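The structure appears right after this line, and notes come after that.
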Amino acid sequence: MIASKKYFAIASATGAMGALLFSTPSATAATPTSYVSDECSSSGNRYCFSIHYNSRGAQTNYSASPCFVTNKNIPNHYGYSPNGAALVRYVFRPAQISGTGATCVLSNDGDGKGVQNNGASASNGECNVMNRVYVYSGYGGPSQAFYPTCGDYWPSDNLVTTLKNNNASHERY
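Residue 982 in this note's numbering is what sits at position 35 of the sequence shown, and the numbering runs on without skipping anything.
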């Protein structure tokens, strides 16, 4: 009886080693991840809510850093999983808004960084909808409202101290 247990243990270990040696990369691959910086359906992103990586300029009141644009409620700035097998991450990218040279311009500072807990300012280019940024996912905790500017994106407002680099969701209302 003892000999058969030893043989079983050796065979199991050998089988496991073989599986490790001959496994395909897809067998151990991580969840596929895509990166999204644009959740706005407005043509050229002309009328969107924009969260910026950097604070607004003291002289211009624009935030020229990469941004994330949307005209949707975003319950979690980290991202979401549409099917449980893939992950969509929200990130900052430059040049997200066409027709304006003063906001979301080409810059490497913050490009590709995740939106959650990295936002420093925001601007609301929507026309009739306010947006509110929250400290917690699911629209909870301290928040800050952003009034519509109907495509102007000026001025950008810095996030209040509680929310600066501590943002997790935002909703339209």
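Just so you know, even glycine gets a beta-carbon here, dropped at the ideal spot from N, CA and C. These numbers come from a predicted model, not from an experiment.
Item to check | Same chain, Cβ closer than 8 Å to V1082, neighbours up to 5 away in sequence not counted | outcome: Beyond the five residues adjoining it in sequence on each side, V1082 comes within less than 8 Å, by CB distance, of G1088, P1089, S1090, T1109, L1110, N1113, N1114, A1115 in the same chain, given in chain order.
Checklist entry - What separation, rounded to the nearest whole angstrom, lies between the Cα atoms of C1014 and A1033? => result So the alpha carbons of these two residues sit roughly 23 Å apart.
Checklist entry - From what residue to what residue does the beta strand (DSSP E) around F1015 run? => result Unbroken beta strand (DSSP E) run through F1015: 1014 to 1017.
Next on the checklist: Comparing C-alpha positions only, which one of S1010, V1062, V1076 sits nearest to Y1100?
Outcome noted: Comparing alpha-carbon positions, the option among S1010, V1062, V1076 lying closest to Y1100 turns out to be S1010.
Checklist entry - With a CB to CB cut of under 7 Å and the five nearest residues on each side skipped, what residues in its chain are close to A1067? => result Within the same chain, and ignoring the five residues on either side of A1067 in sequence, the residues whose Cβ sits closer than 7 Å to its Cβ are H999, Y1000, N1001, S1002, N1105, L1106, K1111, N1112.
Checklist entry - Taking the C-alpha atoms as reference points, what is the distance between G1031 and Y994? => result Going by the C-alpha atoms only, they are around 31 Å apart.
Item to check | Burial state of T978, where buried means 16 or more other Cβ atoms lie within 10 Å | outcome: It counts as exposed.
Checklist entry - If C1097 and C1074 are in contact, beta carbons under 8 Å, what's the gap, nearest whole angstrom? => result Approximately 4 Å separates the beta-carbon atoms of C1097 and C1074; this is inside 8 Å, confirming the contact.
Checklist entry - Once you ignore the five residues that flank N1064 on each side, which residues in its own chain have a CB closer than 8 Å to its CB? => result So the qualifying residues of the chain are H1024, N1112, N1113, N1114, A1115.
Next on the checklist: Give me the DSSP bridge partner(s) of I998.
Outcome noted: Partner(s): F1015, A1069.
Checklist entry - Does the Cβ of S988 have 16 or more other Cβ atoms within 10 Å, making it buried, or fewer, making it exposed? => result With fewer than 16 neighbouring CB atoms inside 10 Å of its own CB, S988 falls in the exposed class.
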